[in-house]
Amino acid sequence: MTSLAEIREAPGLEDYLDAIEERLARTVATHPGLVAAVGNEALAAGGKRLRPLLVFLSTPADEEPSIAAGVAVELVHMATLVHDDLIDRAHFRRGKAAAWSVYGPEAARATGDYLFARAFAELTATGDADAVETLADATLCLARGEALQRTQTHDPATTVDAYIRRCELKTGKLFEAACRLGGGSGDYGLALGVAFQIVDDVLDCAGTTIETGKIAGTDLRDGTPTLPLLLAAQQDEVVREALAGGPVDGALVRVAASGALERSRDVALDYASRARACLNGQLHRDELESLTHAVVDRER
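In my numbering, the protein residues as written are 12 to 311.
As structure tokens, this is what we get:
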């Protein structure tokens with residue numbers, strides 16, 4: 012099993028990520044006040060920093076990894092988390108109280124907007140119009156993915172293809188953008204992002220709050236049709252009714268008993284394999300290949 016800690020041992024990566032953390036702290040604190048304070052708490056909550064990591068690993072050997080790109084893509088990710096928690100009324104994120112539940116919906120909404128604005132300020136300052144366009148496209152896809160999720164809520168008839176499309180929009184496109192901002196393969200990032208999201212959805216059904224920082228079964232209670240829930244609903248009426256908005260008691264156990272978690276992991280493995288197939292002679296090919304395994308093998 013490959014861990015993210017092992018991947019972070021790549022020469023120069025730890026220094027790059029340290030520089031990312033320093034710049035993130037500075038840019039979030041640019042305009043002191045409530046939104047900066049809430050943004051700083053979101054930053055302090057930590058995270059895997061996968062998107063800046065992808066910027067670094069995708070950068071060609073003859074170029075310096077862009078700090079601005081890594082910061083911008085992570086700020087967009089942070090903004091989406093703040094907004095997602097508000098939209099979903101999720102009370103916890105990474106084991107801590109969500110911003111909206113502490114500071115209120117208005118403060119959380121403003122903080123997410125602030126983080127989006129700071130992301131584009133960082134990237135615009137580089138003068139790289141193509142990079143700004145890449146991130147803008149990914150951000151638009153995030154919004155489209157969120158809208159698609161709203162239309163699929165409490166719909167157990169959602170097709171697997173429609174679910175995968177949502178994964179591409181909500182997760183894959185930002186991974187794709189991170190790779191493209193580094194100069195690498197966007198196709199690799201898109202496939203990796205889908206694999207990552209599928210595993211996230213499996214962990215929501217099978218993980219514990221201690222492991223994942225989130226309460227298990229959130230997707231089922233919210234009526235969000237994820238791959239394991241859709242596969243289980245195809246053969247279990249109790250799960251189907253729960254996903255449609257009915258009683259959820261005992262439904263998660265039935266999801267596990269249906270084999271849907273294992274089948275979902277198989278789909279994630281397939282997308283990880285697709286990501287590996289996109290790799291050629293990249294400087295960090297070994298680390299990028301290892302990342303596809305780490306994403307699927309993780310427990311949080």
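Even for Gly, the Cβ is constructed at its ideal location relative to N, Cα and C.
Residue of the options minimising C-alpha distance to residue i
i    : options                : result
K5   : V84, T38, V49, E75     : Outside the displayed range of the chain (12 to 311) lies residue 5, so it cannot be described from this structure.
E52  : D95, T70, P22, A108    : A108
E8   : R311, A305, E310       : The chain is shown from 12 up to 311; residue 8 falls before or after that span and cannot be answered.
L86  : R37, T169, H102        : R37
V113 : A48, E179, G156        : A48
R120 : A56, E25, G50          : G50
A158 : A227, E144, C178       : C178
F103 : A227, Q160, T137       : A227
A188 : V143, R161, Q163, G156 : V143
E25  : L242, I78, A55         : I78
L241 : V66, G261, S275, R309  : S275
V266 : P239, Y282, A255, C190 : P239
P63  : D99, G193, R309, T137  : G193
L180 : A154, A130, D172       : A154
D166 : L254, G23, A173        : L254
E310 : I209, C289, A118       : I209
V46  : A283, G115, V264       : G115
A80  : L61, I98, Y174         : L61
L35  : A56, P22, T303, L15    : A56
P22  : T303, L294, V307, S196 : L294
E117 : A279, D260, H94, T137  : H94
G292 : V264, G138, S196, E33  : S196
T164 : G257, A288, A136, L263 : G257
DSSP-derived helix/strand/coil call for residue i
i    : result
R129 : helix
R292 : Per the sequence shown, the amino acid found at residue 292 is Gly instead of Arg. Coil at G292, not helix or strand.
Q163 : helix
G81  : helix
Y27  : helix
G183 : helix
H42  : coil
G270 : coil
Neighbour-count burial assignment, residue i, 16 or more Cβ in a 10 Å radius
i    : result
E133 : buried
D29  : exposed
A140 : exposed
Y298 : It should be pointed out that residue 298 corresponds to Glu in this sequence rather than to Tyr. When all chains shown are included, E298 counts as buried.
A206 : buried
D212 : buried
D277 : exposed
T237 : buried
D96  : buried
P76  : buried
R191 : buried
A130 : buried
S301 : buried
Legend entry - Stretch pair the stretch 121 to 131 + the stretch 80 to 96: three plus CB contacts closer than 8 angstroms: yes
Inset, instruction - Taking 8 angstroms as the threshold, find out whether the stretch 178 to 185 comes into contact with the stretch 145 to 159 through three or more Cβ pairs. - result: yes
Legend entry - Length-filtered (4 minimum) alpha helix (DSSP H) runs lying within the stretch 83 to 159: 110 to 114, 116 to 135
Inset, instruction - Specify whether the stretch 65 to 73 and the stretch 34 to 44 touch according to this definition: at least 3 beta carbon pairs, one from each stretch, less than 8 angstroms apart. - result: no
Inset, instruction - State whether the stretch 223 to 239 contacts the stretch 200 to 207, with contact taken as three or more CB pairs (one from each stretch) at a distance under 8 angstroms. - result: no
Legend entry - Three CB pairs or more closer than 8 angstroms across the stretch 256 to 275 and the stretch 237 to 246: yes
Inset, instruction - Write down every uninterrupted run of the alpha helix (DSSP H) in the stretch 197 to 241 whose length is 4 residues or greater and which is fully enclosed by it, in chain order. - result: 197 to 217, 220 to 223, 229 to 233
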